[in-house]
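The block underneath contains the structure these notes are about, expressed in C-alpha cells.
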Amino acid sequence: MMLFHRGQKDVIPEKRFGEVLYEGDIIMDGMCAAKNLIRNHALTENEYVTLLESASDQEVKNLLKEEAVRLRKQYYGDKVYTRGLIEFTNYCKNNCYYCGIRAGNRNAVRYRLTKEEIMDCCKEGYRLGFHTFVLQGGEDPYYTDEIMVDLIRSIKAEFPDCALTLSIGEKSYDSYRLFREAGADRYLLRHETANETHYRSLHPAAMSLAVRKQCLYDLKTLGYQVGAGFMVGSPGQTLEHMAEDLVFLQELQPQMVGIGPFIPHHDTVFAEEKAGSVDLTLYLLSVIRIMLPKVLLPATTALGTMDPQGREKGLKAGANVVMPNLSPVKNRKQYELYDNKICTGEEAAQCRGCLAGRVSRAGYRLVTDRGDAV
Ligand code: SAM
Ligand code: FES
Numbered sequence: 008m009m010l011f012h013r014g015q016k017d018v019i020p021e022k023r024f025g026e027v028l029y030e031g032d033i034i035m036d037g038m039c040a041a042k043n044l045i046r047n048h049a050l051t052e053n054e055y056v057t058l059l060e061s062a063s064d065q066e067v068k069n070l071l072k073e074e075a076v077r078l079r080k081q082y083y084g085d086k087v088y089t090r091g092l093i094e095f096t097n098y099c100k101n102n103c104y105y106c107g108i109r110a111g112n113r114n115a116v117r118y119r120l121t122k123e124e125i126m127d128c129c130k131e132g133y134r135l136g137f138h139t140f141v142l143q144g145g146e147d148p149y150y151t152d153e154i155m156v157d158l159i160r161s162i163k164a165e166f167p168d169c170a171l172t173l174s175i176g177e178k179s180y181d182s183y184r185l186f187r188e189a190g191a192d193r194y195l196l197r198h199e200t201a202n203e204t205h206y207r208s209l210h211p212a213a214m215s216l217a218v219r220k221q222c223l224y225d226l227k228t229l230g231y232q233v234g235a236g237f238m239v240g241s242p243g244q245t246l247e248h249m250a251e252d253l254v255f256l257q258e259l260q261p262q263m264v265g266i267g268p269f270i271p272h273h274d275t276v277f278a279e280e281k282a283g284s285v286d287l288t289l290y291l292l293s294v295i296r297i298m299l300p301k302v303l304l305p306a307t308t309a310l311g312t313m314d315p316q317g318r319e320k321g322l323k324a325g326a327n328v329v330m331p332n333l334s335p336v337k338n339r340k341q342y343e344l345y346d347n348k349i350c351t352g353e354e355a356a357q358c359r360g361c362l363a364g365r366v367s368r369a370g371y372r373l374v375t376d377r378g379d380a381v
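In the numbering used here, the protein residues as written are 8 to 381.
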C-alpha cells in the first residue's frame, strides 16, 4: 500500500485518487467525492471539504446538478410545492449579529399582526390555493404559549386540509409539545452553523449552538416535520464549517432544509461584510438534494434577492419548494432581515402569480398540494 501525506495530492498519479490511503484517509479529488456522494448519499467531513473545494469545477458541478435533478424528478416529478409565508411579528428578543430585526436595531419599525390579520392572510392564501401556511417571526414574548395555541387551533379548525408550519425560534420542549398537540405539523429552525466557534462569532453569548441543536432533536421527537439549514457565506464561514453543516444535516436527517446566501443589513454588526455566493448556494442545493433525496428544499427569497433569476436557478439545481409572501403589504418592508429584500411591494395574488410564472419558466409546475415529505 502506498502512503502519502496531506499536500502531496499533486504528485499522486491521477488514476490513484480514491485508491491511495494516507493517515487513515482515502485521498480524493472532487470528482471522486461527487461520485461517492451519488453512490452512498453520505460523505465524511473531509470528503465534503474536498467536494466544496471543487465548487467551481464545471464537470463536477454538472454531474451533481444532473443527479440532483434526476432525484427530485424521481420523487416529486415536475411538482413544486408552495408555502404561504406569514411574517407575523418583527419583534425579537435575540440579537443575532446578522439579522435586520435583531433586538438591538433601534431603527427597525416594529409590528405585530393581530389574530384577525393572521386569519385574513390565511383566508386570502386559501383562496389562492395554498395548502401550507408558515407562521414566521422573531422570538417575540408577546405571543405566549396560550396565544400561539389558540392561533394554531383556530387556523387548523378553519383550514383542516392545510398544513401549518411554525418558524418562531427556540422554545422549551413543553412549548413545542403544546404547539404540536394544538395541530402544528412542521417547524423550521435553521441551525445557522454547526461549528461552535463560528456560532459564537454570529451570536451573542446568551445564545448557544447546543440549545439550538437540542431544539431540533426535540422537534423531531415530537413528530414534527423538521427543517434545519444555514446561510451560505455568513461572515467568517469556511469550507470546513460548511462541511460540518453537511455532516450535521446528514445526522439529523431533517425533512426540510433551508439554505440561502447571507446578505448584509445596513443596521447590523455585519453591515460591511460581503454577501454569500449564488453559485455556491446552487452547488450546495444539489449536494443536499443528493444527500437527502426526498428533502423539501426551497428556492429562497434570499437567492432571488441576490440574483433576479436566483429562484429559477435554485429549482434547476434541485430545489422543489417556493415560499410566496402572504403577509399584509403594509408590513412587508418592516420584516427586513437583510437589505434589498424582494417581494415587499406586491399583493399576495401577484406574488403567487409571479412565482407560478418563474416555476413554469424553469420547466416545473406549481401545485397546490399540502406537499408533505414523502
Ligand atoms: N426567529 C426564527 C428563527 O430564529 O428561526 C425565524 C426568523 S429568522 C429571521 C429566519 C432566518 O432568516 C434565520 O434562520 C436566518 O438564517 C435568516 N436570516 C437572518 N438574517 C439574514 C441575513 N442577513 N441574510 C440572509 N438570511 C438571514
Ligand atoms: Fe431574532 Fe433575527 S434576531 S429573528
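Using N, Cα and C, we set each Cβ at its ideal position, and we do this for glycine too.
Practice item. Note down, in chain order, each residue of its chain lying with its Cβ closer than 7 Å to the Cβ of P167, except the 5 sequence neighbours on either side. Key: none
ask   = Since S174 is in the beta strand (DSSP E), which residue starts that stretch and which ends it?
value = 170-174
request  = Give a yes or no on whether the C-beta atoms belonging to G234 and G190 are separated by under 7 Å.
outcome  = no
Any non-hydrogen atom of ligand 1 closer than 6 Å to A309 Cβ: yes
- Item | Segment contact, 8 Å Cβ cut-off, at least three pairs: the region 295-302 with the region 119-137 | no
Exercise. In this structure, does DSSP put I270 in helix, strand or coil?
Worked result: coil
Which residues in the same chain have their Cβ closer than 7 Å to the Cβ of I270, if we skip the five residues on either side of it in sequence?
A282, A309, T312, M313, Y345, D346
* To do: Tell me, please, whether the region 168-180 touches the region 214-222 by the rule of three or more beta-carbon pairs shorter than 8 Å.
  => yes
Classify F186 as helix, strand or coil using the three-state DSSP reduction.
helix
Looking at Y149 and ligand 1, is the gap between the Cβ and the nearest heavy atom below 6 Å? no
Q) Between the C-alpha atoms of G321 and L289, what's the straight-line distance to the nearest angstrom? A) 6 Å
Alpha carbons only, please: which of P242, A355, G236, V329 is nearest the one belonging to S367?
V329
* To do: Could I get the ranges of all uninterrupted alpha helix (DSSP H) runs contained in the region 206-263, with 4 residues as the minimum, in chain order?
  => 216-228, 246-259
field: Limits of the unbroken beta strand (DSSP E) element including R109
entry: Run containing R109: none; DSSP gives neither H nor E here.
Tell me whether the region 51-65 and the region 246-255 touch, counting them as touching only if at least three CB pairs, one residue from each stretch, are closer than 8 Å. yes
Please indicate yes or no: does the CB of M238 lie closer than 6 Å to some heavy atom of ligand 1?
yes
I'd like the span of the alpha helix (DSSP H) that includes Y105, first residue to last.
From DSSP, Y105 is part of no alpha helix (DSSP H); its letter is neither H nor E.
Can you name the start and end residues of the beta strand (DSSP E) that R193 belongs to? 193-195
ask   = Residues bridged to E94 by DSSP?
value = Q143
Exercise for review: Could you check what DSSP says for G265 in three-state terms: helix, strand or coil?
Suggested key: strand
Residues of its chain near H273, where Cβ-Cβ distance is below 7 Å and the 5 sequence neighbours each way are ignored: D346
Using the rule of at least 16 other Cβ atoms within 10 Å of the residue's Cβ for burial, across every protein chain shown, is A389 buried or exposed? Outside the displayed range of the chain (8 to 381) lies residue 389, so it cannot be described from this structure.
Paired residues, beta bridge with N332 - DSSP = L92
- Query: Just reading off the alpha helix (DSSP H) that L50 is part of, what are its end residues?
  - Reply: Per DSSP, L50 belongs to no alpha helix (DSSP H) and is neither H nor E.
Inset, instruction - Mind listing which residues have their beta carbon within less than 6 Å of any non-hydrogen atom of ligand 2? Chain order is fine. - result: C99, N101, C103, C106, I108, R109, G145, E146
Taking the C-alpha atoms as reference points, what is the distance between T275 and L44? 37 Å
When every heavy atom of ligand 4 is checked, does at least one fall within less than 6 Å of the C-beta of R197?
This structure simply doesn't include ligand 4; it includes ligand 1 and ligand 2 instead.
**Request:** Take N332 and list the residues in its own chain whose beta-carbon comes closer than 6 Å to its own, dropping the five residues that flank it on each side.
**Result:** L92, C350, C358
Name the two residues that bound the continuous alpha helix (DSSP H) containing L322.
-> 317-324
For E26, does the three-state DSSP call read helix, strand or coil? Legend: pLDDT at E26 = 46, less than 50; position of this residue unreliable, no value from coordinates given.
- Query: Between which two residues does the beta strand (DSSP E) containing R377 stretch?
  - Reply: That residue, R377, is in no beta strand (DSSP E); it is neither H nor E in DSSP.
Item checked: Neighbour flag for K281 against chain D, beta carbons, 7 Å -> Among the chains in the structure shown there is no chain D, since it carries only a single protein chain.
- Query: Excluding sequence positions up to five away, which residues of its chain have a Cβ less than 8 Å from the Cβ of I125?
  - Reply: I93, F95, L142, L158, I162
Output the distance between the C-alpha atoms of T51 and L226, rounded to the nearest integer angstrom. 26 Å
Buried/exposed call for Y88, threshold 16 Cβ in 10 Å:
buried
So for V87, helix, strand or coil by DSSP? strand
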